[in-house]
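Residue numbers (our numbering), protein chains in the order written: chain A, 481 to 666; chain B, 601 to 763. A short worksheet on the structure shown next.
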Amino acid sequence: MNLYHSALDAERVTRRLLRGLDVSALCRSYLHALPGRSAVTSVMYFSAVAHHRESRRPGTVTRQVAYFKALEATGVQLHLGHFKAKNQLCPLCGGGFVGWEEKETDVAIGARLLELICKDMCDTAVLVTGDTDLVPAIRAARRLDPTKDIVALQPYRRVNRELSRCADRALTIRVASYARHQLPEV
Amino acid sequence: MNAADAEECLAGIDHPNDWPRRAAQEKGIDVALAVDFVVMVANRACDVGILFSSDTDLVPALEAVLALRPQDPPACEVAAWAAPGGRPRSLSVREARLRRHLLTEGEYRSVADLTDVSRVLHVRGAVRIEVLALHVDDKQGDLPVPKVADHVSSRPDAHPDGT
């Protein structure tokens, strides 16, 4: 979702449709920024189907599922969490409303990162996110195996200083990269 | 619980600007807990890790432990409160048989920590206000000395409009 909303921000700036990201190609395009001769072993995509948006924007779920299928076709492994309703209070008027929170995604990313490090399944792990909640996961991964490189590849306008500081290397995805790595129209 | 412990607990809590009118929110606690759990079990710092929570966000942590230490019986177990009449909301992982511990009200009463946390929180609130006040003082130090007061005190009869 972090990457998706970043792509929407990029759309507002460029006035072009950029949400059909080819995540696998986008990740591969940053390989040159990593030290040595690296190859991608796997790309994992963590998201959740936004069923709650369906009533306001019909077709959301269909479009999302189609996009996930397209990603899977490019070899990306999908991990889907879910959205959970949460009663929230408006900070201005104090009235209550129902907000929706993406659940499981951050923990799933953190747990998967530690699993990869513990099982020695990679030399470098690249996290494509700007979510500070993942800082403890990065710190733990570096503690577990200091020889592994943890790279924070942060989406456009989703740069987080704390995340950049705790990773071995921090990069930011530029808008031009979003435009260059789009899935073909169906 | 002393002030240092309270500080540590509060580190992961996000206080909105108008706190305490609006409730504070936990920030990233779930990831931090999941990370500690996976690291402890992976490093074999324990034989069995028991995850005491009903937060389904933590299920990926259990899955990671099952993947890292595939053994029988599993290296992780779950625990949850068992309220009388209610269905216990203990965590479960698909296709895994986790041992489940259910804790009752009696068990809660025997371990309850009766510290009044709100008092510790108020201490923190006071510290925060002090820091803000310090900032204000700093700023005033840079400002030119207020002249109106001098004027008034030295010439009490004079008035700005000349009367």
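Backbone N, C-alpha and C fix where the C-beta goes; we use that ideal spot for every residue, glycine too. Small disclaimer: the values here were computed from a predicted structure and weren't measured.
- request: Starting from the Cα of B:G706, find the closest Cα among B:A683, B:V717, B:P673 and B:R697 and give me that residue.
  value: Position 106 of the second sequence, counted from the first residue, corresponds to residue 706 of chain B. Minimum Cα distance to B:G706 is reached at B:A683.
query: Just the Cα atoms here: how many angstroms apart are A:A591 and B:A632?
result: Counting from 1 along the first sequence, the entry for residue 591 of chain A is found at position 111. Counting from 1 along the second sequence, the entry for residue 632 of chain B is found at position 32. Each residue's alpha carbon lies about 10 Å from the other.
message: Between B:D657, B:I650 and B:L668, which has its C-alpha nearest B:C676's C-alpha?
response: Within the second sequence, the letter at position 76 stands for residue 676 of chain B. Per the Cα distances, B:I650.
- prompt: Which ranges does the beta strand (DSSP E) cover as unbroken runs of at least 3 residues, wholly within the segment 524–592 of chain A, from first to last along the chain?
  reply: 524–528, 557–569 and 576–583
A:R536 versus A:Y525: straight-line alpha-carbon distance, rounded: As a position in the first sequence, residue 536 of chain A is number 56, starting the count at 1. As a position in the first sequence, residue 525 of chain A is number 45, starting the count at 1. Straight-line Cα distance between these residues: approximately 25 Å.
message: Could you give the first and the last residue of the continuous beta strand (DSSP E) run that contains A:C602?
response: Taking the first residue of the first sequence as position 1, residue 602 of chain A is located at position 122. First-last for A:C602: undefined, no H or E at that position.
task: Inspect the CB distances between the segment 565–581 of chain A and the segment 593–605 of chain A and report whether three or more fall short of 8 Å.
output: no
field: Contact set between the segment 617–630 of chain A and chain B, restricted to residues whose Cβ is under 7 Å from the partner
entry: A617, A620 and L624
- prompt: For A:Y636, is the classification buried or exposed, using 16 other Cβ atoms within 10 angstroms of its Cβ as the cut-off for buried?
  reply: Counted from its first residue, the first sequence places residue 636 of chain A at position 156. By the neighbour-count rule (16 or more Cβ atoms within 10 Å), A:Y636 is buried.
message: I'd like to confirm the pairing. Which residues does DSSP put opposite B:C676 in its beta bridges?
response: Counting from one through the second sequence, the residue named residue 676 of chain B turns up at place 76. Partner(s): B:G649.
query: Measuring CB to CB, does A:K487 end up less than 7 Å from A:R499?
result: Walking along the first sequence from the start, residue 487 of chain A turns up at place 7. Walking along the first sequence from the start, residue 499 of chain A turns up at place 19. Residue identity check: residue 487 of chain A is Ala in the sequence provided, not Lys. Their beta carbons are under 7 Å apart, which means A:A487 touches A:R499 by this criterion.
query: Where does B:A664 sit, in a helix, a strand or coil, going by DSSP?
result: As a working mapping, residue 664 of chain B is identified with position 64 in the second sequence. Looking at B:A664 - three-state DSSP - the assignment turns out to be helix.
- request: Identify, in the order they occur along the chain, each residue of the same chain with its Cβ nearer than 6 Å to the Cβ of A:R649, setting aside the five sequence neighbours on each side.
  value: Locating residue 649 of chain A in the first sequence gives position 169, where the first residue counts as 1. Same-chain partners within the cutoff: V631.
- request: Flag this pair as yes or no: are the beta carbons of A:C646 and A:I618 separated by less than 7 Å?
  value: As a working mapping, residue 646 of chain A is identified with position 166 in the first sequence. As a working mapping, residue 618 of chain A is identified with position 138 in the first sequence. Yes, they are a contact pair.
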